[in-house]
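Take any residue in the sequence shown, note its place counting from 1, add 1, and you have its number in this note's numbering.
In this text, a Cβ means the ideal position worked out from N, Cα and C, and glycines have one as well.
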Amino acid sequence: FEFRINKEQSSFHNRLLQHDLEKNCSGRQGNVQYDNTNFGSSSITSFPVLQRTAEEKILNSDRLTLERQKLTVCPIIDGEDHLRLLNFQHNFITRIQNISNLQHLVFLDLYDNQIEEISGLSTLRSLRVLLLGKNRLKKISNLENLKNLDVLDLHGNQITKIENINHLGELRVLNLARNLLTIVENINGLDSLTELNLRHNQVCSIKDVDTLPCLQRLFLSFNNISSFEDILCLADSSSLSDITLDGNPIAQETWYKHTVLHHMMQLRQLDMKRITEEERRMASVAVRKEEERKRESHKQTLLKEKKRLTICNIAHQWEIQQNRVALVASLNTDKDNEPCQINGSAAYVFPEESRSLDTILSSAVQGLSVLESHLVEVEGDTLYLYGSGALECLDRNWSVQTAAAVITVSFMFIEFDEIVQVLTKLKTKFPNSVHLKFKETNLVALQQLSALAQVNRIEQLTVDPQGNPVVSFTLWKYYVLFRLNHFNLQKINGIEVTQNDIVMAERLFGVLDYVASSELPHYRMFSLLGESRRKQFHYLLEGKGKKSGIGNEESNDNRAGGESTARATLNYSTKDFHMEKLEEIKERRTFCQTYVKNLVKEAADIHMKNESLQKLWPQMFIELVRDAVVEIRNKNSYMKLCLQRIADQKQ
């Protein structure tokens, strides 16, 4: 018996030649076509009735082929209860019916029809082979009584889910190729299954395959499997010997073959190619390298995630701090008002927000250490500093190579007044740094930008508008150019500085030189200037600074990298520094007052003693003369007394 098949059926039909049915019919040859079969009309129903001649029954007593007969329904088959093989290939049948009386049927072929539902098979308990490929099935159902089923072909349908087959313990071959499956599951209980064909589906994940004790061949070509984790259960299958994964995204990966062979040591064939021992050895080596690469990649991923969460934590703490500062300022401005609102929400919720964030961050990434309140990172030629605690890390022992490689220093979520205190360290720690970046640093006044004069050199300055209100000032760039012109700035916020910009800056702010130097007391001027400037300042005070020689000297000094004498008076003092100075002045004033008070008191005491002495001195003088006369009245006695005093002093 022969029947026409497509490529998807070939593997099944080759094995069907070994089926018991074929053994029993091995003596019969030829393809019996019933083109001349007589179909009569039934008086009871509208179905056609099949009638075979006695000669035809003798030639093929246990099989019936109704292939390509343009049938739209299954005919009534009377007097053929002994049939074991029934072929309805290539017809237009829409429903399985009128075969419930064929209880000895072993082989039923309904390939290439228009059947939409599996039905009418409940009485066929002897059925071993059911071929329903290339139909219109959308669901697997009504197979409960076919417990002896050996081969089930459902390829080329519209099935979206594997279901209702767990009871088929005798099933050896299952073909679900060319359907709409996305997940392979619900295949527990198929203890005899040796071959599973899932080619040309949309499978992206596989489950339960490791529970099939007899599965040897698994065909997964042309699906959507993209990672080995999607088919990880295959590695636990001890019986699997042949698998195909070609046509999947995973097959395009360089590690594909090595990974599969390493985890499935029992395989004999991969993608229809025999596996050699050399390939297994090379796969083992390659997989070890790949695992090391993945571990390193995973480590880097964790570090990046920790960095991201740390920065989020720092940003949140910065926001809380800024809101609290704004709250305090608002309360100081108007203490009688209701508790103020900040950004539309009550300021008192910040502690709860902080705890909530900490909870979220701690549970977001398991295995990461506790989040820090600051972060220091060198990436390429840029040193990133997040959070005020990062400023302390500038004191660490940086390697010469790392320090020399740093060109850009980026400050984020740090108060500018705190940054000012460490600017001088940048000169010595990172001598090649020429680019400063500020973001969320609370730059609010032009005067703060004057503090950048402490840095050795600046070629680029970037002030992000986020968290720096000073950028909203129209003339802030011109002030920077005016105050830091001795640095020869080349770019501000990524924009090239032109000569016209420098000229405009001098026109707008040049008068500040005169105002600052004329209003500042001389003692304060001396405290701001270094020794190298004091001699020049004396010339300025004496009016000699107008001479061409002095002007040229100052100009040359500016070009050499120094700042002008007058502009040095525009230096910025932080709030903390100013408070310290006030405290120092207060202490000095207190000390001076105490010292003067003590001097006055001591002088008053001396004056009083002097007046008392002037009053008592005449009488004291008379008594002194009298005592002296009495003592020297007897010359010998006086000499003895003197000698005795000298002797006593020597002892």
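Between GLY345 and the rest of its own chain, which residues show a CB-CB distance below 7 Å, the 5 nearest in sequence each way excluded? As a first step, residue 345 is located in the sequence shown; it is residue number 344 there, counting from the start. Because the pLDDT of GLY345 is 35, which lies under 50, any placement of that residue in the model is unreliable, and the question is left without a value.
Those residues which DSSP pairs with LEU462 across a bridge: For the purposes of this step, residue 462 is taken as residue 461 along the sequence shown, with counting starting at 1. According to DSSP, which records beta bridges pairwise, LEU462 is partnered with LEU437 and ILE493.
Exposed unless 16 or more other CB atoms sit within 10 angstroms - verdict on PHE622: As a working mapping, residue 622 is identified with position 621 in the sequence shown. Exposed: under 16 other Cβ atoms inside 10 Å.
Hey, how far is the Cα of GLU291 from the Cα of LYS258? Residue numbering aside, residue 291 sits at position 290 when the sequence shown is read from its first letter. Residue numbering aside, residue 258 sits at position 257 when the sequence shown is read from its first letter. Answer to the nearest angstrom: the Cα atoms are 12 Å apart.
Count the other CB atoms within 10 Å of the CB of CYS643; is the residue buried (16 or more) or exposed (fewer)? On the sequence shown, position 642 is the one that residue 643 refers to. CYS643 should be labelled exposed.
For LYS478, count neighbouring Cβ atoms within 10 angstroms of its own Cβ and tell me buried if that reaches 16, exposed if not. Here residue 478 refers to the residue found at position 477 when the sequence shown is read from its first residue. Buried.
For CYS75, is the classification buried or exposed, using 16 other Cβ atoms within 10 angstroms of its Cβ as the cut-off for buried? As a first step, residue 75 is located in the sequence shown; it is residue number 74 there, counting from the start. Classification for CYS75: buried.
For ARG269, I'd like the list of residues in its chain whose CB is within less than 8 Å of its CB, leaving aside the five on either flank, ordered along the chain. Working through the sequence shown from its first residue, we reach residue 269 at position 268. Closer than 8 Å at Cβ, skipping near neighbours: SER242, ASP243, ARG275 and ILE276.
Can you name the start and end residues of the beta strand (DSSP E) that GLY154 belongs to? For this step, residue 154 is matched to residue 153 along the sequence shown. Residue 154 is actually Asp in this sequence, not Gly. From DSSP, the beta strand (DSSP E) with ASP154 extends over 152-154.
Using beta-carbon positions only, say whether PHE108 and ILE77 come within less than 7 Å of one another. What you label residue 108 is simply residue 107 of the sequence shown in a count that begins at 1. What you label residue 77 is simply residue 76 of the sequence shown in a count that begins at 1. Result no, Cβ atoms of PHE108 and ILE77 do not sit closer than 7 Å.
One question on the structure: do ASN136 and ILE163 come within less than 7 Å of each other, judged by their Cβ atoms? On the sequence shown, position 135 is the one that residue 136 refers to. On the sequence shown, position 162 is the one that residue 163 refers to. The answer is no: Cβ separation not under 7 Å.
Local conformation of PHE223 per DSSP, three classes: Along the sequence shown, read from residue 1 onward, the residue named residue 223 stands at position 222. Three-state DSSP puts PHE223 in coil, outside helix and strand.
Cβ pair PHE220, THR245 closer than 7 Å: In the sequence shown, the residue the question calls residue 220 occupies position 219. In the sequence shown, the residue the question calls residue 245 occupies position 244. Cβ atoms of PHE220 and THR245: closer than 7 Å.
Any chance you could list the beta strand (DSSP E) runs of at least 3 consecutive residues sitting entirely within the stretch 230-292, in chain order? 243-245
Measure the C-alpha to C-alpha separation of SER638 and GLU632 and round it to an integer number of angstroms. Within the sequence shown, residue 638 is the residue found at index 637, counting from 1. Within the sequence shown, residue 632 is the residue found at index 631, counting from 1. Each residue's alpha carbon lies about 8 Å from the other.
Bridge partners of ASP110, per DSSP? If you number the sequence shown from 1, residue 110 lands on position 109. According to DSSP, ASP110 bridges with ASN88 and LEU132.
In its own chain, which residues sit with a C-beta less than 8 Å from the C-beta of VAL498, not counting the 5 before and 5 after it? Here residue 498 refers to the residue found at position 497 when the sequence shown is read from its first residue. If we look at VAL498 and ignore the five residues flanking it on each side, its Cβ neighbours are LEU482, LEU490, GLN491 and LYS492.
Output needed for ASN149: all residues of its chain with C-beta closer than 8 Å, excluding positions within five of it in sequence on either side, in chain order. What you label residue 149 is simply residue 148 of the sequence shown in a count that begins at 1. ARG126, SER127, LEU128, ARG129 and GLU171.
Got a sec, what are the start and stop residues for the alpha helix (DSSP H) THR403 sits in? Walking along the sequence shown from the start, residue 403 turns up at place 402. Counting along the chain, the alpha helix (DSSP H) containing THR403 begins and ends at 401-406.
Have a look at GLU416 and GLN467 and give me their C-alpha separation to the nearest angstrom. Position 415 of the sequence shown, counted from the start, is the residue given in the question as residue 416. Position 466 of the sequence shown, counted from the start, is the residue given in the question as residue 467. When rounded, the distance between both Cα atoms is 13 Å.
Quick check: what's the CA-CA separation for ASN486 versus PHE474? By one-based count along the sequence shown, residue 486 stands at place 485. By one-based count along the sequence shown, residue 474 stands at place 473. Taking the straight line from one Cα to the other gives about 19 Å.
First and last residue of the beta strand (DSSP E) that includes THR409? Taking the sequence shown and counting its residues from 1, one reaches residue 409 at position 408. Residues 409-413.
Taking the Cβ atom as the reference point for each residue, do PHE439 and VAL423 lie within a distance shorter than 7 Å? As a first step, residue 439 must be located in the sequence shown, where it is residue number 438. As a first step, residue 423 must be located in the sequence shown, where it is residue number 422. The answer is no: Cβ separation not under 7 Å.
Of the listed residues THR195, PRO214, ILE188 and GLU196, nearest to ILE207 (C-alpha basis): Start at 1 with the first residue of the sequence shown, and residue 207 comes out as number 206. Closest option to ILE207, Cα to Cα, is ILE188.
Rounded distance between the beta-carbons of LEU191 and LEU155, thought under 8 Å: Mapped onto the sequence shown, residue 155 falls at position 154. Mapped onto the sequence shown, residue 191 falls at position 190. Incorrect: roughly 14 Å between the Cβ atoms, too far for contact.
Using a Cβ-Cβ cut-off of 7 Å (strictly less than) and excluding sequence neighbours within five positions of PHE414, which residues of its own chain qualify? As a first step, residue 414 must be located in the sequence shown, where it is residue number 413. Excluding residues within five positions, the ones whose Cβ falls inside 7 Å are ILE315, ALA316, TRP319, TYR387, GLY388 and GLU441.
What's the gap between the Cα of ILE59 and the Cα of ARG53? Numbered from its first residue, the sequence shown carries residue 59 at position 58. Numbered from its first residue, the sequence shown carries residue 53 at position 52. If I take the Cα positions, the gap works out to 10 Å.
What residues in its chain sit with their C-beta under 7 Å from that of SER101, if we drop five residues either side in the sequence? On the sequence shown, residue 101 is found 100 positions in, with the first residue counted as 1. Excluding sequence neighbours, SER101 sits near GLY121 and THR124.
Enumerate in chain order the residues of its own chain whose CB-to-CB distance from ALA1 is below 7 Å, with the five nearest sequence positions on each side excluded. No statement about residue 1 is possible, as the shown extent of the chain runs from 2 to 652 and does not include it.
Pull up the distance between the alpha-carbon of LEU111 and that of ILE251, whole angstroms please. Within the sequence shown, the letter at position 110 stands for residue 111. Within the sequence shown, the letter at position 250 stands for residue 251. Roughly 35 Å between the two C-alpha positions.
Between the alpha carbons of ARG646 and THR595, how many angstroms are there, rounded? The residue given as residue 646 occupies position 645 in the sequence shown. The residue given as residue 595 occupies position 594 in the sequence shown. Each residue's alpha carbon lies about 46 Å from the other.
Do LEU194 and LEU213 have their C-beta atoms within less than 7 Å of each other? Taking the sequence shown and counting its residues from 1, the one referred to as residue 194 is at position 193. Taking the sequence shown and counting its residues from 1, the one referred to as residue 213 is at position 212. In contact: LEU194 and LEU213 (Cβ atoms closer than 7 Å).
Between ILE408 and ASN443, is the Cβ-Cβ spacing less than 7 Å? By 1-based counting over the sequence shown, the position of residue 408 is 407. By 1-based counting over the sequence shown, the position of residue 443 is 442. Result no, Cβ atoms of ILE408 and ASN443 do not sit closer than 7 Å.
Around the Cβ of LYS307, are there at least 16 other Cβ atoms within 10 angstroms (buried) or fewer (exposed)? In the sequence shown, the residue the question calls residue 307 occupies position 306. It counts as buried.
Rounded straight-line distance, which links the Cα of LEU476 to that of GLU507: By one-based count along the sequence shown, residue 507 stands at place 506. By one-based count along the sequence shown, residue 476 stands at place 475. Cα to Cα, GLU507 sits roughly 12 Å from LEU476.
At which residues does the alpha helix (DSSP H) containing GLU507 begin and terminate? Sequence index remark: in the sequence shown, residue 507 carries index 506 (1-based). 500-510 is the extent of the alpha helix (DSSP H) around GLU507.
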